[in-house]
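Working notes, structure below.
Number of protein chains: 2
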Amino acid sequence: MERLNLGQGSGGRETQELVRRLLAPFGDGTPEWEDCALLPGGWGVTTDGFTVSPLTFPGGDLGKLCVCGSANDLAVRGVRPEFLTLSVIAEEGLPEEVLVRHMGSAARTCALGGLALVAGDTKVVPRGQADGLFLVTTALGRTVRPEAPLGMGNLRPGDALILTGPPGLHGATIAACRYEMDVPGLQSDCALLWPLLEPLNGLSGLRCMRDCTRGGVAAVLCEWAEGTGTGLLVEENSLPADPGVLSVADLLGFDPLALACEGTALIGVAPEEADRALELLRRHPLGARAARVGTVETEHPGWVGLHTPIGGVRLLDMPTGELLPRIC
Amino acid sequence: MERLNLGQGSGGRETQELVRRLLAPFGDGTPEWEDCALLPGGWGVTTDGFTVSPLTFPGGDLGKLCVCGSANDLAVRGVRPEFLTLSVIAEEGLPEEVLVRHMGSAARTCALGGLALVAGDTKVVPRGQADGLFLVTTALGRTVRPEAPLGMGNLRPGDALILTGPPGLHGATIAACRYEMDVPGLQSDCALLWPLLEPLNGLSGLRCMRDCTRGGVAAVLCEWAEGTGTGLLVEENSLPADPGVLSVADLLGFDPLALACEGTALIGVAPEEADRALELLRRHPLGARAARVGTVETEHPGWVGLHTPIGGVRLLDMPTGELLPRIC
Numbered sequence: 000m001e002r003l004n005l006g007q008g009s010g011g012r013e014t015q016e017l018v019r020r021l022l023a024p025f026g027d028g029t030p031e032w033e034d035c036a037l038l039p040g041g042w043g044v045t046t047d048g049f050t051v052s053p054l055t056f057p058g059g060d061l062g063k064l065c066v067c068g069s070a071n072d073l074a075v076r077g078v079r080p081e082f083l084t085l086s087v088i089a090e091e092g093l094p095e096e097v098l099v100r101h102m103g104s105a106a107r108t109c110a111l112g113g114l115a116l117v118a119g120d121t122k123v124v125p126r127g128q129a130d131g132l133f134l135v136t137t138a139l140g141r142t143v144r145p146e147a148p149l150g151m152g153n154l155r156p157g158d159a160l161i162l163t164g165p166p167g168l169h170g171a172t173i174a175a176c177r178y179e180m181d182v183p184g185l186q187s188d189c190a191l192l193w194p195l196l197e198p199l200n201g202l203s204g205l206r207c208m209r210d211c212t213r214g215g216v217a218a219v220l221c222e223w224a225e226g227t228g229t230g231l232l233v234e235e236n237s238l239p240a241d242p243g244v245l246s247v248a249d250l251l252g253f254d255p256l257a258l259a260c261e262g263t264a265l266i267g268v269a270p271e272e273a274d275r276a277l278e279l280l281r282r283h284p285l286g287a288r289a290a291r292v293g294t295v296e297t298e299h300p301g302w303v304g305l306h307t308p309i310g311g312v313r314l315l316d317m318p319t320g321e322l323l324p325r326i327c
Numbered sequence: 000m001e002r003l004n005l006g007q008g009s010g011g012r013e014t015q016e017l018v019r020r021l022l023a024p025f026g027d028g029t030p031e032w033e034d035c036a037l038l039p040g041g042w043g044v045t046t047d048g049f050t051v052s053p054l055t056f057p058g059g060d061l062g063k064l065c066v067c068g069s070a071n072d073l074a075v076r077g078v079r080p081e082f083l084t085l086s087v088i089a090e091e092g093l094p095e096e097v098l099v100r101h102m103g104s105a106a107r108t109c110a111l112g113g114l115a116l117v118a119g120d121t122k123v124v125p126r127g128q129a130d131g132l133f134l135v136t137t138a139l140g141r142t143v144r145p146e147a148p149l150g151m152g153n154l155r156p157g158d159a160l161i162l163t164g165p166p167g168l169h170g171a172t173i174a175a176c177r178y179e180m181d182v183p184g185l186q187s188d189c190a191l192l193w194p195l196l197e198p199l200n201g202l203s204g205l206r207c208m209r210d211c212t213r214g215g216v217a218a219v220l221c222e223w224a225e226g227t228g229t230g231l232l233v234e235e236n237s238l239p240a241d242p243g244v245l246s247v248a249d250l251l252g253f254d255p256l257a258l259a260c261e262g263t264a265l266i267g268v269a270p271e272e273a274d275r276a277l278e279l280l281r282r283h284p285l286g287a288r289a290a291r292v293g294t295v296e297t298e299h300p301g302w303v304g305l306h307t308p309i310g311g312v313r314l315l316d317m318p319t320g321e322l323l324p325r326i327c
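Sequences listed follow chains A and B, in order.
Read left to right, the first sequence gives residues 0 to 327 (numbering that gives the first Met the number 0).
Read left to right, the second sequence gives residues 0 to 327 (numbering that gives the first Met the number 0).
Written out as structure tokens, the structure reads:
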């Protein structure tokens with residue numbers, strides 16, 4: 000009898016395979032593999048469960064994370080985050096002050112992003128039947144581009160790939176907390192992406208965007224390559240790098256590309272608009288380190304190649320196993 | 000330091016007070032106290048976390064329950080359930096077959112109710128950090144009555160109160176499982192309410208509806224009385240009763256009115272349309288035992304009175320404490 004393992008919650012290959020099996024009973028009516036679903040009337044909707052441990056970390060906490068995480072899944076499809084539902088699963092014995100603190104953090108993030116909380120639910124389960132606090136959010140909003148929905152299916156050979164910031168900030172921050180490493184300056188990139196990404200919707204050559212959460216930039220690259228049958232070539236030298244992430248990754252043997260982000264997106268855009276996209280991104284503090292990192296090509300359909308500084312190409316595979324459980 | 004207790008997850012008084020404190024940071028932008036929120040464009044949205052134990056019970060299972068529970072919160076506001084999001088929080092070590100079985104059950108319930116699954120999320124947490132499986136659903140749909148939204152604020156003195164079935168079937172069923180009682184014929188009322196309730200939207204005097212989940216019929220009555228400042232008088236003799244519920248309630252000392260339902264609604268309707276409403280309800284198998292159970296009055300504003308067969312009136316208070324954790 001197969002039992003669930005932590006790798007199946009990692010956001011990588013095993014998660015993908017598990018989700019395929021879970022969706023099988025739903026037959027034809029299964030969601031497409033994008034971050035948010037598009038409904039009639041221009042609405043977008045997305046849902047996410049957040050189980051991060053520790054509940055508070057440099058750069059954010061569970062309350063902030065659950066709002067950003069869901070709102071960002073809308074933002075990357077050109078949907079303005081407007082409404083939020085919030086479901087609480089809390090463990091008996093949790094100090095009420097902790098729960099109230101995370102609600103305060105969620106409320107401030109909603110206010111900042113112009114989101115209204117419209118529905119909620121609260122469950123308390125007996126001690127030992129949940130670990131502290133889980134929050135599940137659903138975000139809703141309306142698309143700003145009803146005529147031209149974003150999605151990986153729009154990618155064309157020659158398109159440029161842009162990363163809005165260094166990979167792995169959230170994952171490295173959680174890892175540093177978990178392993179009690181003191182890494183000066185390292186903090187999660189947990190942030191609302193809509194203010195950064197909204198202006199890109201004015202570009203006619205914008206193809207698709209994805210925030211790189213569980214499984215990191217590597218998982219998004221692999222999903223795009225496999226999902227579209229195109230090849231993606233990434234220049235390792237061009238990837239924005241954060242020294243804190245590099246030191247954590249180095250010490251723990253992680254690939255920064257497989258570490259989660261919570262405020263960093265990968266963007267596919269027509270080559271002639273790549274410079275304009277970078278310019279728009281760099282106007283916002285969150286996009287200060289945005290960089291063109293790769294290209295859509297035709298040579299290795301379905302594969303992601305990483306062009307290394309010494310001139311080789313290594314194939315980047317979908318992350319497998321679980322680097323770090325409960326990252327988000 | 001206040002710590003969370005199980006009573007705060009009961010759906011009664013303590014839940015209400017906790018939720019008020021949790022919503023405080025959201026300031027003016029807090030949801031109204033109805034089962035589903037109404038958004039621009041005639042959309043309704045609702046969210047719920049499901050933590051029921053055991054995962055499978057007579058009449059249903061977690062997969063069926065999570066679809067019915069969220070869809071019903073739309074149905075009682077005159078919103079046709081159309082779309083569902085589903086967030087999975089599973090414990091490492093759970094047999095994958097269990098998860099797949101509940102997905103199958105959810106998928107069948109969606110197919111039956113015409114709901115499409117549009118978004119999902121899957122988290123696996125380390126062994127011991129969650130108990131088996133929690134599912135969180137958000138349901139979405141469009142109202143069939145954009146001009147006349149349902150809500151307790153519509154209640155007027157003289158209105159009739161109708162209950163679509165006997166109180167407490169779900170709660171009594173879970174209690175019987177938990178205490179290993181063998182009660183022939185007893186099963187949860189877990190069901191999709193839209194087919195039963197949709198026809199009522201043709202009545203111009205339909206005021207409000209609520210499915211009586213955690214906290215049971217008693218919690219809904221008290222919320223309506225307190226939320227509107229009207230008095231509600233219920234005739235104990237007229238309440239539909241289920242022998243299985245009565246025997247469980249009797250043995251364990253529970254009030255059936257405080258036991259959860261998962262397919263039974265309380266309805267407020269203008270007195271001149273009460274008979275028509277009953278006729279419409281009784282056409283559907285789920286409404287075979289529907290009954291007019293009470294009246295909105297003005298004598299005891301904010302209170303619920305239960306008119307007993309021996310001629311007295313006892314005040315029905317919002318349930319407090321926790322009869323039974325993890326009922327839904």
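Every residue, glycine too, gets a C-beta built ideally from N, C-alpha and C.
What you are looking at is a predicted structure, and each value in this text was computed from that prediction instead of being measured.
Which of helix, strand or coil DSSP assigns to threonine 212 of chain B:
For the purposes of this step, residue 212 of chain B is taken as the residue at position 213 of the second sequence. Secondary structure at threonine 212 of chain B: coil, using DSSP grouped into helix, strand and coil.
Residues of the stretch 115 to 148 of chain A with a CB closer than 8 Å to any CB of chain B: list them in chain order, please.
Cβ contacts with chain B: Ala115, Leu116, Val117, Ala118, Gly119, Asp120, Thr121, Lys122, Val123, Val124, Pro125, Gly127, Gln128, Ala129, Asp130, Phe133, Val135, Thr137, Leu139.
Residues in the stretch 208 to 230 of chain B having any Cβ partner in chain A nearer than 7 Å:
Those would be none; no residue qualifies.
Check whether the Cβ atoms of leucine 132 of chain B and histidine 169 of chain B sit closer than 8 Å, and answer yes or no.
Counted from its first residue, the second sequence places residue 132 of chain B at position 133. Counted from its first residue, the second sequence places residue 169 of chain B at position 170. Against a cut-off of 8 Å, the Cβ pair of histidine 169 of chain B and leucine 132 of chain B comes out as no contact.
Alpha-carbon to alpha-carbon, glycine 41 of chain A and threonine 142 of chain A:
As a position in the first sequence, residue 142 of chain A is number 143, starting the count at 1. As a position in the first sequence, residue 41 of chain A is number 42, starting the count at 1. For the pair threonine 142 of chain A and glycine 41 of chain A, the Cα-to-Cα distance works out to about 5 Å.
For arginine 209 of chain B and glycine 304 of chain B, what's the separation of their Cα atoms in angstroms?
To locate residue 209 of chain B, count along the second sequence from 1; it is residue 210. To locate residue 304 of chain B, count along the second sequence from 1; it is residue 305. Their backbone Cα atoms lie some 19 Å apart in a straight line.
Buried or exposed by the 16-neighbour rule on C-beta atoms within 10 Å, applied to threonine 297 of chain B:
Start at 1 with the first residue of the second sequence, and residue 297 of chain B comes out as number 298. Classification for threonine 297 of chain B: exposed.
Quick check on leucine 258 of chain B - is its C-beta less than 8 Å from some C-beta in chain A?
What you label residue 258 of chain B is simply residue 259 of the second sequence in a count that begins at 1. No, leucine 258 of chain B does not count as interfacial toward chain A.
Nearest to alanine 290 of chain B by alpha carbon, out of B:Val135, B:Pro165, B:Asp47, B:Thr212?
The residue labelled residue 290 of chain B in the question sits at position 291 within the second sequence. B:Pro165 is the residue among B:Val135, B:Pro165, B:Asp47, B:Thr212 whose C-alpha sits nearest the C-alpha of alanine 290 of chain B.
Using only the alpha-carbon positions, how far apart do alanine 276 of chain B and arginine 288 of chain B sit?
On the second sequence, position 277 is the one that residue 276 of chain B refers to. On the second sequence, position 289 is the one that residue 288 of chain B refers to. Whole-angstrom Cα-Cα distance: 13 Å.
Taking threonine 84 of chain B as part of the beta strand (DSSP E), name the residues at either end of that continuous run.
The count along the second sequence starts at 1 and reaches residue 84 of chain B at position 85. Boundaries of the beta strand (DSSP E) harbouring threonine 84 of chain B: 78 to 90, taken from the DSSP string.
Given glycine 8 of chain B as reference, the closest of A:Ser86, A:Thr50, A:Thr121 once Cα atoms are compared:
Here residue 8 of chain B refers to the residue found at position 9 when the second sequence is read from its first residue. For glycine 8 of chain B, the nearest C-alpha among the options comes from A:Thr121.
Taking only beta-carbon atoms, is isoleucine 173 of chain A less than 8 Å away from chain B?
As a first step, residue 173 of chain A is located in the first sequence; it is residue number 174 there, counting from the start. Chain B, which has no Cβ nearer than 8 Å to the Cβ of isoleucine 173 of chain A, makes this no.
Does any CB atom of chain B fall closer than 8 Å to the CB of serine 237 of chain A?
Within the first sequence, the letter at position 238 stands for residue 237 of chain A. Chain B, which has no Cβ nearer than 8 Å to the Cβ of serine 237 of chain A, makes this no.
What residue does the alpha helix (DSSP H) around arginine 12 of chain B start on, and which one ends it?
As a position in the second sequence, residue 12 of chain B is number 13, starting the count at 1. First-last of the alpha helix (DSSP H) with arginine 12 of chain B: 12 to 22.
In this structure, does DSSP put glycine 301 of chain B in helix, strand or coil?
What you label residue 301 of chain B is simply residue 302 of the second sequence in a count that begins at 1. Glycine 301 of chain B: coil per DSSP, three-state reduction.
Helix or strand or just coil, what does DSSP make of threonine 108 of chain B?
The count along the second sequence starts at 1 and reaches residue 108 of chain B at position 109. Threonine 108 of chain B carries a helical assignment under DSSP once its states are collapsed to helix, strand and coil.
To the nearest angstrom, how far is it from the Cα of leucine 17 of chain A to the Cα of glutamate 91 of chain B?
Translated into the one-based positions of the first sequence, residue 17 of chain A becomes position 18. Translated into the one-based positions of the second sequence, residue 91 of chain B becomes position 92. About 13 Å.
What are the complete beta strand (DSSP E) segments, minimum 3 residues, inside the stretch 211 to 283 of chain A?
Taking only runs of at least 3 residues, the beta strand (DSSP E) segments lying wholly in the stretch 211 to 283 of chain A are 230 to 234, 264 to 268.
Name, please, each residue of chain A whose Cβ falls closer than 8 Å to the Cβ of arginine 79 of chain B.
Here residue 79 of chain B corresponds to residue number 80 of the second sequence, with the count starting at 1. Simply none; closest approach about 12 Å.
Less than 8 Å between the C-beta atoms of alanine 259 of chain A and cysteine 207 of chain A, yes or no?
Looking up residue 259 of chain A in the first sequence gives position 260. Looking up residue 207 of chain A in the first sequence gives position 208. The Cβ atoms of alanine 259 of chain A and cysteine 207 of chain A do not sit closer than 8 Å to each other.
Cβ distance (whole Å) where alanine 257 of chain A is taken to contact alanine 224 of chain A below 8 Å
Reading the first sequence from its first residue, position 258 is the one you call residue 257 of chain A. Reading the first sequence from its first residue, position 225 is the one you call residue 224 of chain A. 15 Å between Cβ atoms; not a contact.
Within a Cβ cutoff of 6 Å, which residues of the same chain sit near threonine 46 of chain B, ignoring the five residues on either side of it in sequence?
Translated into positions along the second sequence, residue 46 of chain B becomes position 47. So the list reads Thr137, once near-sequence residues are dropped.
Enumerate, from N- to C-terminal direction, the unbroken beta strand (DSSP E) stretches of 3 or more residues contained entirely within the stretch 132 to 174 of chain B.
Runs of the beta strand (DSSP E) inside the stretch 132 to 174 of chain B: 132 to 142, 159 to 162.
Count the other C-beta atoms from every protein chain shown that fall within 10 angstroms of the C-beta of proline 39 of chain A, then say buried if there are 16 or more, exposed otherwise.
Taking the first residue of the first sequence as 1, we reach residue 39 of chain A at position 40. It counts as exposed.
So what does DSSP say about valine 123 of chain B, is it helix, strand or coil?
What you label residue 123 of chain B is simply residue 124 of the second sequence in a count that begins at 1. Strand, per DSSP.
So what's cysteine 207 of chain B in DSSP terms, helix, strand or just coil?
Taking the first residue of the second sequence as position 1, residue 207 of chain B is located at position 208. It is a strand residue.
Are at least three pairs of beta-carbons, each pair with one atom in the stretch 142 to 157 of chain B and one in the stretch 67 to 76 of chain B, less than 8 Å apart?
Contact holds between the stretch 142 to 157 of chain B and the stretch 67 to 76 of chain B, because three or more Cβ pairs, one in each stretch, are under 8 Å apart.
If you compare alpha carbons, which of A:Pro284, A:Leu5, A:Gly11 is closest to tryptophan 193 of chain A?
The residue you call residue 193 of chain A lines up with position 194 of the first sequence. Taking tryptophan 193 of chain A as reference, the option from A:Pro284, A:Leu5, A:Gly11 with the minimal CA-CA separation is A:Pro284.
Please return the same chain residues whose Cβ sits closer than 6 Å to the Cβ of glycine 140 of chain A, not counting the five positions on each side in sequence.
The residue you call residue 140 of chain A lines up with position 141 of the first sequence. So the list reads Gly43, Leu73, Val78, Arg79, Pro80, Glu81, once near-sequence residues are dropped.
Which residues in the same chain have their Cβ closer than 8 Å to the Cβ of leucine 191 of chain B, if we skip the five residues on either side of it in sequence?
Residue 191 of chain B sits at position 192 when you count from the first residue of the second sequence. Contacts found: Val66, Cys67, Ala70, Asn71, Ala74, Pro80, Thr108, Leu111, Gly112, Gly262.
Could you check how far apart the C-beta atoms of threonine 227 of chain A and methionine 151 of chain A are, in whole angstroms? I think they sit under 8 Å.
Taking the first sequence and counting its residues from 1, one reaches residue 227 of chain A at position 228. Taking the first sequence and counting its residues from 1, one reaches residue 151 of chain A at position 152. Approximately 5 Å separates the beta-carbon atoms of threonine 227 of chain A and methionine 151 of chain A; this is inside 8 Å, confirming the contact.
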